[in-house]
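First up is the structure itself, then whatever we jot down about it.
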Amino acid sequence: MKPSTPRWWYRRDRGHAPVARFLLQPLSWIWAAVTARRIARTTPVDPGAAVISVGNLTVGGSGKTPVAREILRLLRARGVETQALSRGYGGWLEGPTRVDPTVHSAADVGDEPLLLARDAPAWVARDRVAGARAAAASGAQVLVLDDGHQNPALKKTISLIVVDGETRGDEWPFGDGSVFPAGPMREPLQAGLARADAVVILAPADADRIDGDLVALFGTLPVFVARLVPAEAPPDGPQLGFAGIAKPWKVERALTAAGCDLVDFAPFPDHAAFRQEDLRFLADRAETLGAGLVTTEKDWVRLPPEWRDRVRAWPVAARFEDEAGFAAFLSERIAAYSSSR
Numbered sequence: 000m001k002p003s004t005p006r007w008w009y010r011r012d013r014g015h016a017p018v019a020r021f022l023l024q025p026l027s028w029i030w031a032a033v034t035a036r037r038i039a040r041t042t043p044v045d046p047g048a049a050v051i052s053v054g055n056l057t058v059g060g061s062g063k064t065p066v067a068r069e070i071l072r073l074l075r076a077r078g079v080e081t082q083a084l085s086r087g088y089g090g091w092l093e094g095p096t097r098v099d100p101t102v103h104s105a106a107d108v109g110d111e112p113l114l115l116a117r118d119a120p121a122w123v124a125r126d127r128v129a130g131a132r133a134a135a136a137s138g139a140q141v142l143v144l145d146d147g148h149q150n151p152a153l154k155k156t157i158s159l160i161v162v163d164g165e166t167r168g169d170e171w172p173f174g175d176g177s178v179f180p181a182g183p184m185r186e187p188l189q190a191g192l193a194r195a196d197a198v199v200i201l202a203p204a205d206a207d208r209i210d211g212d213l214v215a216l217f218g219t220l221p222v223f224v225a226r227l228v229p230a231e232a233p234p235d236g237p238q239l240g241f242a243g244i245a246k247p248w249k250v251e252r253a254l255t256a257a258g259c260d261l262v263d264f265a266p267f268p269d270h271a272a273f274r275q276e277d278l279r280f281l282a283d284r285a286e287t288l289g290a291g292l293v294t295t296e297k298d299w300v301r302l303p304p305e306w307r308d309r310v311r312a313w314p315v316a317a318r319f320e321d322e323a324g325f326a327a328f329l330s331e332r333i334a335a336y337s338s339s340r
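As structure tokens, then:
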């Protein structure tokens, strides 16, 4: 289980930074140096299928998985045999293993691969090269690599950076640019962008516009805008919401914006393994408030089976504003890869 994401990471004004940021700065320099060295010293492998890397530059909460699911949907709808590949964070299986939602649990393969497997064949593998080769051998023409921007093992046909477009007030997706653990960055901004082919800004459904200052950061890189939209209406009546994702406050905002009568909300650490005492507390609290229980799909798949009938999963999906343009961008790069082999 990952720790909770500090809100101060996303303040771009250094004047409001806690002392912790300055104390952690030396560790940030080490983290950035190790990441850069690993990338520079690795020779990427072509697994025999086009690889679309869906990554980000921050530690979490940008919306990679909804974007990966949408890419799977778009390409498979066009007749391209597209499969997903994930490290399987939170699961114990090392793989390569094809995920079977009827057999595997989040404890086996992680929560994100279970979601991806609802849309297409999905694989988990600690060794990304072995996993990619297994998927290619099974017939995959294209692999959607979930969270692979800082992993140089595979030769990428397309490297996408997903950016959180939900910026409000002093909040900023890259904070003040500090690298983990002093800030949210996995590597310095320009270093990460130098390996990217395009940027996907994922904004909430109710955002009227995308921050121009944010778009300007990406220079000449193509920028595609997607919206995180409800796949269905939130449940009726009063609801107690909870979420164990990198930025749980985004779920609270999204439920409220979608019209949910949210009477309380409980945040948990990212990838939280819900204990029986946690769930009993939530159920007792909901009963006191005369409310139902609602959470994200990603959290719902981590619930013990006996609790799933008592909690409503609220699904959301990424939808591109220029779907045809984005699909054409993908198809052009995939065709160039195929013709070069």
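So the sequence shown is numbered by numbering that gives the first Met the number 0: it starts at 0 and just counts up by one.
In this text, a Cβ means the ideal position worked out from N, Cα and C, and glycines have one as well.
Model, not experiment: these values are computed from the prediction.
Secondary structure of residue i, DSSP reduced to three states
i	result
residue 326	helix
residue 321	coil
residue 122	strand
residue 33	helix
residue 341	Only positions 0 to 340 of the chain appear in this structure, which leaves residue 341 out of reach.
residue 27	helix
7 Å CB neighbourhood of residue i in its chain, flanking five on each side removed
i	result
residue 31	178, 186 and 187
residue 91	106 and 107
residue 44	128, 152, 153 and 154
residue 23	180 and 181
residue 171	9 and 11
The ligand ADP heavy atom lying under 7 Å from the CB of residue i
i	result
residue 308	This structure does not include the ligand ADP; it has no bound ligands of any sort.
Residue range of the beta strand (DSSP E) that includes residue i
i	result
residue 203	197-203
residue 140	Here residue 140 belongs to no beta strand (DSSP E), and DSSP marks it neither H nor E.
residue 224	222-229
residue 240	237-242
residue 264	260-266
residue 54	49-54
Residue range of the alpha helix (DSSP H) that includes residue i
i	result
residue 112	110-115
residue 255	247-256
residue 65	63-76
residue 276	275-288
residue 192	188-192
Spatial distance of residue i from residue j (CA atoms)
i	j	result
residue 94	residue 289	44 Å
residue 0	residue 87	Residue confidence is low: residue 0 scores 45 on pLDDT, short of 50, so the model does not pin down where it sits. No coordinate-derived value is stated.
residue 279	residue 297	20 Å
residue 71	residue 159	14 Å
residue 11	residue 182	10 Å
residue 174	residue 84	29 Å
residue 47	residue 257	43 Å
residue 321	residue 260	32 Å
residue 294	residue 53	24 Å
residue 306	residue 41	44 Å
residue 210	residue 299	32 Å
residue 340	residue 82	20 Å
residue 222	residue 57	17 Å
residue 102	residue 64	21 Å
residue 119	residue 304	23 Å
residue 242	residue 193	34 Å
residue 284	residue 123	37 Å
residue 34	residue 115	27 Å
residue 79	residue 215	33 Å
residue 245	residue 202	16 Å
residue 144	residue 131	9 Å
residue 126	residue 286	45 Å
residue 198	residue 141	19 Å
residue 98	residue 136	16 Å
Close Cβ partners of residue i (< 6 Å) along its chain, the five nearest in sequence each way excluded
i	result
residue 247	266
residue 336	49 and 156
For residue i, the residue or residues it bridges with in DSSP
i	result
residue 312	294
residue 82	142
residue 163	201
residue 153	44
residue 97	122
residue 219	Beta-bridge pairing links residue 219 to no other residue.
residue 158	52
residue 178	184
Proximal residues to residue i (C-beta, below 8 Å), its chain only, five neighbours per side dropped
i	result
residue 69	225, 316, 317, 318 and 319
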